[in-house]
Every structure is written in structure tokens, then in C-alpha cells.
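Here the structure comes first, spelled out in C-alpha cells, and everything after it is commentary.
Residue numbers (the numbering used here), protein chains in the order written: chain A, 14 to 376; chain B, 14 to 376; chain C, 14 to 376.
Here it is as C-alpha cells:
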């Protein structure tokens with residue numbers, strides 16, 4: 014599907030952000046489609062988050078409508094009951110339970126306020142593949158980190174990645190908010206760097222008026238030097254680092270005013286919808302009040318992306334199978350390289366998945 | 014389409030319940046899609062119910078928007094007018110009416126409060142194929158019978174049949190109503206019996222507390238023996254018989270408290286929607302007040318099925334063409350055998366329909 | 014698509030009515046899909062109407078969400094900016110603009126209150142192909158002409174043409190309004206005439222009561238002779254002329270009471286939607302108050318067509334690919350002949366379009 018090849022969708026043997034911790038509990042079962050599969054989430058009595066296949070092995074009834082019985086989940090149609098490992102432990106009117114009667118249990122890891130899910134082969138789920146949360150500032154004591162907003166965006170996941178891989182859009186789409194009505198971001202050249210499963214861009218904006226949204230938080234109103242880094246830790250997290258400094262004097266960097274760490278969790282939901290978990294951390298103005306004001310301001314920015322990407326998806330769907338040709342600009346250089354790495358990741362994953370003869374059990 | 018083979022839909026040369034009598038009149042034309050065809054219903058001046066093809070032979074305008082003129086129906090677009098046999102009797106601006114200008118008139122039989130329709134070859138319509146209404150209690154003077162509720166359910170018709178062919182769901186899906194919060198139905202083994210175009214299951218629940226919904230109607234609060242029979246008279250009616258008795262003493266059946274006859278009319282509407290006509294008869298507490306209370310209680314049960322099956326249909330549609338594999342339980346034995354008979358019925362019908370070279374006239 | 018062959022949609026190298034003048038300005042950008050392509054409309058500072066491809070050449074963002082900068086349009090995503098000829102004049106963060114970076118600019122001609130658009134090869138756009146507005150009464154000083162109503166109708170464009178090519182529907186679908194509850198129009202035989210890209214029908218209704226809707230405007234209440242002409246100027250305008258006279262005396266035509274010119278602009282939007290621009294002109298009762306009352310009455314008539322054609326489209330879509338067979342009446346003679354000419358026009362256009370090897374630039 015555009016902008017990828019038609020047969021490329023998403024890598025399965027990878028970790029994705031499935032939910033914020035707060036969204037999974039025992040009061041209400043949560044259904045989320047992830048990589049086009051239904052998943053049901055809940056917590057055990059002890060508080061552990063569980064992710065199971067979202068439909069009963071028997072007659073495919075959605076398990077999000079089911080009832081918790083202790084740590085087990087009972088299908089609300091005929092009463093088939095599964096434990097948190099997906100093993101069927103009760104079938105009405107029979108004693109013996111066939112081994113084939115089970116649903117998938119997805120590896121699920123809770124770190125900071127994220128629940129990370131592994132949709133592929135459980136045997137390959139290696140949680141060292143999850144980005145190091147200390148390293149990216151989420152659990153670094155120098156920072157205060159917090160959840161900002163979750164949206165299910167009505168666009169294919171690639172559009173959200175494209176958005177984050179070309180920050181020139183800050184000057185236009187976000188002109189009324191973080192773009193600050195200026196073309197500072199768009200007009201500053203970027204550098205980039207890549208690895209096997211990541212791609213990063215960096216730009217340094219020199220000696221320009223600090224965007225108004227940041228002045229009060231930083232307690233500073235003059236010109237600044239600002240370094241914007243955004244690193245795509247494939248396949249599901251974009252990690253940004255914003256550094257605000259007083260203007261440099263000659264070769265010396267100016268005084269550090271503050272650093273902002275930004276997290277965009279991007280997870281394919283269905284073919285045309287995407288889970289978007291947004292969080293932020295900062296090493297300045299660490300009081301609660303600032304968090305509220307900050308989250309409010311940032312939610313408005315995310316809303317601009319959501320509205321824009323939804324309109325873009327509608328356009329693409331409206332064109333049906335008339336695959337649009339793209340015009341490349343210099344500013345697409347980073348996006349183009351990152352797309353290539355990302356597509357390769359998916360291709361390799363699909364090849365691996367195809368190489369294993371899959372004998373579905375309960376599916 | 015799941016759970017059938019992809020090319021199996023529904024048998025045409027069969028009788029189906031199209032409507033309750035009260036839903037067809039002269040005030041408003043009724044459009045119902047049946048077996049994926051548009052049908053328009055009305056009554057003649059003399060009161061006879063009529064079922065005609067739901068679109069004009071001329072330019073396909075929906076005849077449900079048309080105007081009655083005595084016993085004829087006048088298309089609201091250009092005025093082509095048809096009599097109750099589907100023969101065109103008026104074309105604007107011309108005298109001679111070509112023989113080809115006609116619409117299908119479907120054989121329609123009014124029995125008790127049902128209108129039975131025949132969607133296939135009229136020449137084969139034999140109303141002795143309609144279940145005997147006296148035999149099933151609808152016109153038996155020992156019973157008082159009444160219409161309960163009509164729903165168009167947003168699921169393929171097979172799901173409604175599956176539902177009725179596995180009554181273990183009473184204990185779970187209907188736990189808050191007739192399930193009575195107990196697993197009595199689910200845990201009682203069933204026996205079954207089949208014929209060429211029917212399949213029946215029976216279970217006897219011994220010496221258990223009478224479900225609360227029935228106690229006041231039966232005027233009895235102790236334990237009961239209850240026999241539940243449900244017979245699928247293919248392709249469109251499930252006929253149930255519930256017998257309530259005082260607990261048996263040794264080999265002698267206990268005193269009869271009352272019998273309830275239950276009727277589920279299931280008619281394919283479109284590919285993913287189904288007409289569901291539900292009625293009931295009883296040989297006890299035959300006053301009007303009981304009817305109202307009873308209907309109200311039963312409508313709530315049907316609503317539970319409607320909500321559940323709609324959720325199930327959404328799940329199946331969400332899976333697109335990924336045909337789900339089923340796990341069979343012992344409790345599916347009856348359903349599995351009945352499905353086989355039902356599928357054979359459809360296959361034979363489709364073979365017969367294909368064998369006749371069809372030369373459509375007005376279609 | 015029915016009623017045409019499956020591969021016939023609409024001729025590209027033709028003029029179509031895109032909008033009323035009043036609907037295009039600078040306050041708000043207008044997006045209209047025309048011939049299944051997104052088009053964005055605005056006016057330059059000097060007031061000239063502009064029609065550009067409705068999506069950015071870069072990442073396909075809908076340009077209807079963009080911002081006007083003088084005569085240019087700036088994409089609201091990354092800021093690519095185009096002039097009114099579709100040439101890209103600004104790309105963020107780069108000086109040189111590749112020649113390939115452009116969007117289509119559609120020839121657009123403003124005549125009277127219509128904006129006429131040419132969706133095909135610009136080189137072939139010849140505005141002498143647009144119907145002569147003087148000739149059809151729009152700019153004839155004998156008439157007062159005015160815009161009545163615009164609707165996007167949820168039906169394929171062919172259904173709107175079919176509607177206008179068979180006026181017998183006036184007696185039935187418009188029975189409550191201009192049909193006047195009589196079959197005068199339907200029962201009067203019509204004559205017809207055709208050319209290479211037009212087809213006209215005419216009927217003279219003799220000595221019948223003037224429809225009530227016209228009596229007050231004409232200031233006359235007796236019987237009339239009425240001549241109704243409707244000419245389909247393919248592919249997008251039906252031009253009607255209604256002449257009201259006192260009844261003829263022998264061979265002499267009766268005294269002229271007034272003439273009404275009627276304009277139906279029919280433009281394919283998407284596959285199942287159509288732009289319908291309706292206007293009217295009259296050579297009697299030329300005061301403003303009459304215009305208001307007249308427009309109000311005529312809008313009600315158009316609404317009847319809209320409701321009817323939407324119901325018809327739903328019926329056709331409901332039948333999926335089961336192509337309905339038509340029954341022909343004598344009254345379809347004009348429609349049948351006109352359809353044949355119209356289909357040939359589209360076939361020839363499609364052949365011409367295929368004959369030119371198309372190398373899309375920005376698309």
C-alpha cells in the first residue's frame with residue numbers, strides 16, 4: 014500500500030507500543046486491533062497486564078465482550094474460559110479439553126507507562142530489543158516524564174512515520190503552535206545518520222527567537238540556539254531530543270536552558286488506522302502545574318497532525334488504486350533513506366515469517 | 014461465506030417467513046430484501062397480502078416508494094403500473110403493453126400471523142411444505158399464541174441458526190435473563206435426532222430451581238423438571254417446546270405445570286443481515302396481562318442475541334477473507350450435524366436452480 | 014457502469030459546469046471532485062477564477078486545506094507553493110525547483126454565472142465548444158436569468174441524464190408540483206431531433222389548464238397551449254424552453270404569455286455522485302420578488318428528483334453486479350437515441366485519450 018510496495022504492511026517479529034498502562038485494568042476489557050489482529054487486554058488480580066487473541070477459538074466471539082473470572086477470561090457467548098496464557102480451562106458440558114483449544118497469548122512487557130506487545134513468534138520475543146528507557150530519558154532521574162495523549166488516527170501507519178521523518182512540516186502544519194509562524198525549522202538544513210533499524214535527523218537553529226510556547230517554561234525570552242534531533246527507533250518509536258541554549262559565543266556553545274525528550278509511539282492498528290501514543294519528558298520546570306499546561310499545549314499540536322493525516326488518508330483512499338507519483342525535494346532525503354531501511358525491515362520479517370511453515374492452532 | 018462454503022448462501026425453492034401479518038397493509042408499502050432481492054409488500058382492497066419484485070421493470074426505481082391504486086401499484090417515477098400478479102397494466106403514452114413488461118409476483122401464504130414467501134420457481138411452490146401450524150401449537154386451541162418481536166439483525170443468517178443450534182449459550186449470553194445465572198442448560202447433556210430437512214435437540218433438566226422469569230406465570234416456586242426441545246424445520250423456522258413439570262417420582266413424570274412453544278423465524282435478508290421474527294405460545298396463564306409481561310421479558314432475551322450476533326458479525330467482517338478455524342466442542346455435535354443437513358439442502362437447491370435454463374423476463 | 018457499458022464513464026475533452034460563480038472566492042477554498050479527480054478552486058486577487066489539481070505534487074495533501082498567498086496557493090502540510098498556472102514557486106529548504114514539480118491547472122472559463130472546466134488535454138480546450146449563452150437566453154436582454162440551486166446528488170451522472178431525457182416523469186414524480194396532478198405531459202406524444210453531440214425532444218400540449226405554479230407568474234388563469242422543448246447539449250447541459258400561449262385558433266398560434274428557459278448543469282463528480290447546477294430564465298414578470306418565489310418553487314421540484322434518484326442509485330448499488338435488464342417503452346425512444354449518441358461521444362473520447370501516449374508529470 015502506498016507509500017510502500019503493495020504487499021508490504023508491517024513487521025511482526027518486533028515490539029510495538031500497545032497501550033499506556035493506565036488504559037488497561039480490570040474494570041473494563043480493552044480491545045485494540047494491532048497489525049490487523051484483534052487483541053484483548055486486561056490485568057490479573059496481581060496486576061499483571063495480559064494480551065490475548067481477541068476472539069474465542071470456538072465461534073470467534075469478540076473476547077472484549079467477555080467476563081473476567083479471577084485471572085481467567087470467560088467468553089460471553091458459550092462460556093469457553095481461558096487463562097492468561099491463552100489455554101482453555103473450561104468448556105461447557107465437557108470434562109476433557111482438547112489441546113487445540115487455545116488462543117494466542119502475546120508477549121507483553123510493561124516498562125515505564127508503556128505496554129509493549131510482540132505480535133510475531135513468541136519464541137523470538139527478546140525484550141532487550143525494546144529501546145532502553147533510561148537512555149532515552151523516560152526513567153532518567155534528571156527528567157520528569159509523562160503521558161500526554163493517545164489517539165487512534167484514521168490513517169495508515171506509514172503516513173505518521175512520513176510525517177515524523179520530515180520536520181519541515183513544523184513550519185507550516187504547526188504554524189499556529191510550535192511552528193511559531195516562522196520558517197526557522199523548514200529553512201534550516203538537517204544532517205542525518207542511520208543504522209540497521211534506526212534513522213536520525215538533526216538540525217541546529219542558530220540565534221532565533223525562542224518559540225513562545227517554550228518561553229514561560231524555560232523562564233527565558235531572548236534569542237536561542239536550538240538543537241532538534243529525532244530518531245526513528247524502528248518499527249514503532251520516534252524519540253526526539255530538543256536542546257535549548259542561549260546563543261553560542263564563537264565556538265563555545267551557549268548556556269543550557271533545558272532539554273525536552275519527545276516520544277511518538279506509532280503502532281499499526283488496521284490497514285487504514287494507527288495507534289498514536291505521545292509522551293514527553295523534560296529536565297526543567299519540573300512542577301505538576303507545568304506538566305498540565307505543557308500537555309495541553311502539546312495535545313493541540315498532535316491534533317493538528319491528526320486532522321492533517323486524516324485528510325491525507327481520505328485523499329489517498331479517494332484515489333483508489335491510482336497510485337500517485339511523488340515529487341522528491343531535498344528535504345525528503347532523510348525520509349527517503351529511512352523509508353528504505355524500514356521497508357527492508359518489513360521485507361526481511363515477511364521473508365522470515367514465510368520461511369517458517371505456520372500451522373495455526375486455535376486460529 | 015463462513016461458516017458455510019463460500020459459494021453457499023440460501024435455498025430458493027423454499028418457504029420463508031417474510032413478515033408478521035400486522036406489518037403489511039395499505040397505509041405504507043413495506044420493502045424487505047429477502048435472499049438478497051428487493052421485495053415490496055402491500056394488501057389488496059379485499060385484504061390479501063401481495064409480494065412483488067421491489068423494483069420497476071422499466072428503470073429499476075424502488076417500488077416501495079410507489080403509490081397504490083386500488084389493487085395495483087404505480088411506480089412513482091414514470092407511472093408504470095402493475096397488478097397484484099406483477100403484470101404491467103399501464104405504461105404512459107402508449108396503448109399496447111409488451112408481454113415482457115412484468116415484475117415477479119412471489120407466492121405468499123398467510124397462516125396464523127405469518128406471511129410465508131417463496132422466492133424460487135413459482136411452479137414448485139407447494140404450501141404443504143409449510144410447517145403444520147396446528148401441530149406446532151400456533152392454531153391449537155389448547156394454546157394462546159402471540160407475536161413477540163421483529164428485528165433485522167446485522168448478521169448473516171447462518172449465525173442466527175448457529176445460535177439456536179447450540180443452546181449452551183443460554184447459560185452465558187442469557188445469564189442475566191433466562192439463563193438464571195446458572196449453568197443448568199449448558200451442563201445438561203442433549204440428545205438429538207435428524208431427518209432430511211430437520212434436526213432436533215432435546216435435554217431434560219432434572220429437579221432444579223425454576224427460573225425466576227417463569228415462576229409467576231406458572232404459579233409455582235419449587236424445583237422442577239424441565240424438558241427443552243428445539244427443532245430446526247429447515248430452512249427458516251426453529252420450533253421449540255418447553256415442558257415444565259414438578260419433579261418426577263421414580264419412573265413417573267411429575268405433574269405438568271405448563272408448556273411453552275417458541276418460534277424463531279430466520280430469513281436471509283442481504284448477505285450480512287437477517288430478518289428475525291420471534292413468536293411464542295403457551296397453554297397456561299392465558300390472560301392478556303400475562304402476554305404483555307411475557308413479551309416484554311422475551312424481547313429482552315432476543316435483544317441479547319441481537320447485540321451478541323452483531324458483535325460477532327463485526328468480528329468476522331473485520332477478519333476479511335481470513336477464514337477462521339473453528340474448535341469443536343462436544344456441545345457442537347448437534348450444530349455440526351444440523352449444519353451438514355442444511356448445507357446439503359442449499360447445495361441441492363442450487364444444483365436444481367442451475368439445471369433449469371433461466372430466461373428472466375422482466376429482470 | 015449501468016446504464017452504460019462497464020468501461021464507459023465520461024468524456025474528458027469536454028467542457029463541464031464546475032460551479033456557480035458565487036461559490037468560488039478567496040475566503041474559502043472550494044474542493045470539488047470532477048470526473049473522479051480532486052480539483053481546488055479559488056480566485057486571484059484580480060478576481061479570476063482558478064482551478065488546480067486538488068492535491069500537492071509532493072505528498073498528495075489535499076490542497077483545499079491550503080492557504081492562499083496572493084495569487085498562489087501554499088500546501089498546508091510542508092509549504093510547497095504553486096502559482097495559478099500550477100507551477101511550483103517555492104519548496105522549503107531549497108532554491109532550485111525541479112520542472113517536474115507542478116500540478117495540473119485546468120482551463121476554466123467564466124460565462125454568465127457558470128464556471129466551465131475542461132478536464133482533458135489543455136491544448137484541445139476550445140471555448141467555442143461552450144454553448145452560446147446569448148442563444149440559450151442566459152445573456153439575452155429579453156430574459157432575466159438567475160441561479161436557482163446547487164446539489165451534489167448521490168447518484169451516477171447517467172441517472173440524471175436519463176431523468177431529463179424522459180419527461181413523462183413530470184406527471185408522476187413531480188405530480189405534487191409541476192406535474193399538477195395530471196398526465197398531460199406523459200400522455201402527449203413527443204417529437205425528437207438529434208445531431209452529433211446533442212439530442213432534443215419537443216411536445217406541444219394543447220388547450221389544457223395552466224399548471225397552478227405558473228398562473229400567478231403569467232397573470233393568466235385559463236387554458237393554455239404549452240410547448241416544452243428540452244435539448245441535451247452534451248456532455249453537460251440540458252437546455253429547456255417552455256412556451257406558454259393562449260389556445261390556438263385554427264392554424265394560428267395563440268397569444269404568447271411568456272417563455273421560460275431552463276438549465277440543468279450535470280457534471281460527474283465521483284462514480285456514484287453528480288454535481289447538479291440548476292438555473293432558470295424568463296421573459297415575463299421580471300421583478301425580484303417573482304425570482305424568489307420562483308426559485309423556491311423550482312427548488313422543491315429539484316428536491317423531488319434528488320430524493321428519487323438517490324433511492325434509485327441505492328437500488329442499483331444494492332443489486333451489486335447483477336446488471337438489471339430494462340424494458341423499453343415508446344416513451345424511451347428519445348432517451349434511447351440520446352444515450353447512443355452520448356455513449357459514442359464517450360467512446361470516441363476514450364479512444365482519443367488512449368491514442369495519445371500520456372506521460373504524467375506531477376501526477
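By construction, the Cβ of each residue, glycine as well, lies at the ideal position given by its N, Cα and C atoms.
Only a predicted model underlies this, so the values are computations on that prediction, with no experimental measurement involved.
Listed along the chain, the chain A residues whose CB falls inside 8 Å of the CB of residue 74 of chain C are 321, 324, 325 and 328.
Going by DSSP, residue 176 of chain B is part of the alpha helix (DSSP H) stretching over 170-177. Short of 6 Å from the beta carbon of residue 79 of chain A, and not among the five residues preceding or following it, lie these beta carbons of its own chain, in chain order: 86, 87, 88 and 89. A buried status is given to residue 73 of chain C, since no fewer than 16 other beta-carbon atoms sit within 10 Å of its beta-carbon. Closest by C-alpha distance to residue 143 of chain C, out of C/191, C/111 and C/251, is C/251. The segment 63-72 of chain A makes no contact with the segment 163-170 of chain B, as fewer than three CB pairs between them are under 8 Å. Among the residues of the segment 171-200 of chain A, those with a Cβ less than 8 Å away from any Cβ of chain C are 175, 179, 181, 182, 184, 185, 186, 196, 199 and 200, in the order of the chain.
Within the segment 240-309 of chain A, no run of alpha helix (DSSP H) at least 4 residues long lies entirely inside it. About 12 Å separates the Cβ atoms of residue 177 of chain A and residue 241 of chain A, ruling out a contact at the 8 Å cut-off. Under the DSSP assignment, residue 203 of chain A falls outside any beta strand (DSSP E); it carries neither an H nor an E label.
What residue 78 of chain A touches in chain B, judged by beta-carbon distance under 7 Å, is 324, going in chain order. Residue 76 of chain B is bridged by DSSP to nothing; it lacks a bridge partner. In the three-state DSSP reduction, residue 89 of chain B falls in the coil class, being neither helix nor strand. Inter-residue distance for residue 210 of chain B and residue 328 of chain C is about 34 Å (C-alpha atoms, whole angstroms). Look at the segment 341-352 of chain C: the residues with a C-beta under 9 Å from a C-beta of chain B are 341, 342, 343, 344 and 345. Put simply, of B/34, B/114, B/59 and B/82 the residue whose alpha carbon is nearest the alpha carbon of residue 338 of chain C is B/114. With a threshold of 8 Å between beta carbons, residue 89 of chain C makes contact with chain A.
In the three-state DSSP reduction, residue 320 of chain A falls in the helix class (H, G or I). Put simply, the backbone Cα of residue 93 of chain A is about 19 Å away from that of residue 323 of chain B. Judged by beta-carbon spacing, residue 259 of chain A lies beyond the 8 Å limit of residue 271 of chain A, meaning their Cβ atoms are not closer than that value. Residues of the segment 104-118 of chain B with a Cβ closer than 8 Å to any Cβ of chain C, in chain order: 104, 105, 106, 107, 111, 113 and 114. One Cα belongs to residue 217 of chain B, the other to residue 326 of chain C, and the distance between them is close to 53 Å. Unbroken beta strand (DSSP E) runs of no fewer than 3 residues, entirely contained in the segment 100-155 of chain C, are found at 101-103, 121-124 and 127-131, following chain order. Residue 157 of chain A: member of the beta strand (DSSP E) spanning 157-166, first to last residue. For residue 339 of chain C, the C-beta contacts it makes with chain B under 9 Å involve 70, 71, 72 and 73, in order along the chain. Across the structure, residue 152 of chain C and residue 269 of chain C are spaced so that their CA atoms are roughly 21 Å apart. Residue-level contact by beta carbon holds for residue 202 of chain A and chain C, with a gap shorter than 8 Å. In this structure, residue 343 of chain C and residue 292 of chain B do not form a Cβ contact; the two beta carbons are roughly 49 Å apart against a cut-off of 8 Å. For residue 351 of chain B, the closest of B/365, B/249, B/312 and B/34 by C-alpha to C-alpha distance is B/249. In this structure, the beta-carbon distance from residue 347 of chain B to residue 30 of chain B does not fall below 8 Å. Only buried fits residue 25 of chain A, as 16 or more other CB atoms lie within 10 angstroms of its CB. In the DSSP secondary-structure assignment, residue 231 of chain C is not bridged to any residue. Distance check between residue 236 of chain A and each of A/319, A/224, A/122 and A/37 places A/224 closest, using alpha-carbon atoms only.
Put simply, the backbone Cα of residue 171 of chain C is about 8 Å away from that of residue 17 of chain C. In this structure, the beta-carbon distance from residue 23 of chain B to residue 48 of chain B falls below 8 Å. Per the C-alpha coordinates, the member of B/226, B/360 and B/354 positioned closest to residue 311 of chain B is B/226.
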